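Trainee: The structure that follows is given in the form of structure tokens.
Below is the structure:
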């Protein structure tokens, strides 16, 4: 098939229009993020007591959200321990903050599996899990990444890679910011108190 | 006897009082600040942390771990990329240069204790044996701290 000059010109214009449209969409999104939060906490999952929990049910409190899996012996208990230390440091203001541990390993992490270890951190942390589909949707709304890594030298032949930040949401569910894994609890506590103006 | 030279060497070493299987290296290993977190039951893997210091003059490589507590202990490494995504993989052989130390600590290297034989109970301890490339071993007693412990001090 041979294209005429006019046809080539029209195709050229089409390409320019598509590129322009995509660029406008991206730049508009960038502008929007300057007012209001970049995104909101949005989920419907089952907690470690078997109760359905949503962002609406938990609204009215600040939320500390992090992702992990029960078979994780290093990063996840370390983050749980750090969060427990932060909650302890908040003293009576701890009632204004709800920590959430969201599993990204729905295959193994039943509510019962989470019930076996989340409460031991004694910090009112709610463990959340769901179907593979629910977890995938949650990861999209929270803009986090997770993957299953086949690894023969791991229990059940796999391990999980996942975003390991600790996310903070305000009482309206708006995203405030995140701390990278390894930030000392003392630093998180000071920062959190400043954000909450307490 | 395969080689007369080897026979002479062995005879000489016995005569001179030298160790035949020389553990040059691992005898200079010092393990400090070992600790582990309590586990809930034995269905999920545990982790132990410590600092392994080479006070000698030769590089020493950790080949393997052994403990009566877990059927499959191995050193794993957690890495976190620029996007904040963490993942874990076997660390392979770890070589410690003379005068250097390798820290097994949260977020980096850890002794991953897979297929626990018994639950890890706070207040108890277990023995962990490190085997080195010169054939030598070092056994340490690892105290089990609370589940929310953040370091060797608790």
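Residue numbers (full-length UniProt numbering), protein chains in the order written: chain A, 1 to 198; chain B, 1 to 154.
No residue lacks a Cβ here, since even glycine has one placed at the ideal position from N, Cα and C.
Remember, it's a predicted structure, so these values are computed and weren't measured experimentally.
#1: Whose C-beta lies closer than 7 Å to the C-beta of residue 146 of chain B among residues of the same chain, with five residues either side of it excluded?
#2: Kindly list the residues whose CB is nearer than 8 Å to the CB of residue 29 of chain A, restricted to its own chain and excluding five residues on each side of it in sequence; keep chain order.
#3: Need the endpoints of the beta strand (DSSP E) that residue 148 of chain A sits in, please.
#4: Taking all protein chains shown into account, do 16 or more other C-beta atoms lie within 10 angstroms of the C-beta of residue 71 of chain B, making it buried, or fewer, making it exposed?
#5: Quick one: residues in its chain with C-beta nearer than 7 Å to the C-beta of residue 52 of chain A, no 5 flanking neighbours on either side, listed in chain order?
#6: Could you tell me which residues DSSP puts in a beta bridge with residue 98 of chain A?
#7: Just the chain B side, please: which residues come within less than 7 Å of residue 75 of chain A by C-beta, in chain order?
#8: Entirely within the segment 19-67 of chain B and at least 3 residues each: give me those beta strand (DSSP E) ranges in chain order.
#9: Going by DSSP, what residues sit across from residue 75 of chain B in a beta bridge?
#10: Can you give me the C-alpha to C-alpha distance between residue 76 of chain B and residue 115 of chain B, rounded to a whole angstrom?
#11: Looking at residue 105 of chain B: is its Cβ nearer than 8 Å to the Cβ of residue 49 of chain B?
#12: Since I believe residue 69 of chain A is in contact with residue 126 of chain A (beta carbons under 8 Å), could you give me their beta-carbon distance rounded to a whole number of angstroms?
#13: Here's the rule: buried if 16 or more other CB atoms are within 10 angstroms of the residue's CB, otherwise exposed. What is residue 96 of chain A?
#14: Taking the runs of the alpha helix (DSSP H) that are 4 residues or longer, which of them lie wholly in the segment 68-97 of chain A?
#15: Could you tell me which residues DSSP puts in a beta bridge with residue 161 of chain A?
#16: Between the C-alpha atoms of residue 63 of chain A and residue 94 of chain A, what's the straight-line distance to the nearest angstrom?
#17: Report the residues of the segment 136-167 of chain A with a CB closer than 7 Å to any CB of chain B, ordered along the chain.
#18: Please report whether the beta-carbon of residue 134 of chain B lies at a distance below 8 Å from any beta-carbon of chain A.
#19: Please tell me whether residue 68 of chain B has its Cβ less than 8 Å away from any Cβ of chain A.
#20: What does a CB cutoff of less than 6 Å around residue 137 of chain B pick up in its chain, not counting 5 residues either side in sequence?
#21: Taking C-beta to C-beta, are residue 47 of chain B and residue 88 of chain B nearer than 8 Å?
#22: So, are the CB atoms of residue 38 of chain A and residue 55 of chain A less than 8 Å apart?
#23: For the candidate residues A:161, A:155 and A:140, whose alpha-carbon lies nearest to that of residue 148 of chain A?
#24: Would you report the Cα separation of residue 32 of chain A and residue 175 of chain A, rounded to the nearest angstrom?
Mentor: Result, derived from the coordinates:
#1: 38, 122 and 154
#2: With a pLDDT of only 46 at residue 29 of chain A, under 50, the local geometry of the prediction cannot be trusted, and no value is derived from it.
#3: 146-150
#4: exposed
#5: 44 and 46
#6: A:63
#7: 78, 86 and 107
#8: 29-37, 46-54 and 60-66
#9: B:111
#10: 15 Å
#11: yes
#12: That pair is no contact at about 16 Å.
#13: exposed
#14: 75-90
#15: A:147
#16: 11 Å
#17: 145, 149, 151, 153, 155, 159, 161, 162, 163, 164 and 165
#18: no
#19: no
#20: 129 and 131
#21: no
#22: no
#23: A:161
#24: The pLDDT assigned to residue 32 of chain A is 43, lower than 50, so where the model puts this residue is not dependable; a value taken from the coordinates is nonetheless given after this. Whole-angstrom Cα-Cα distance: 14 Å.
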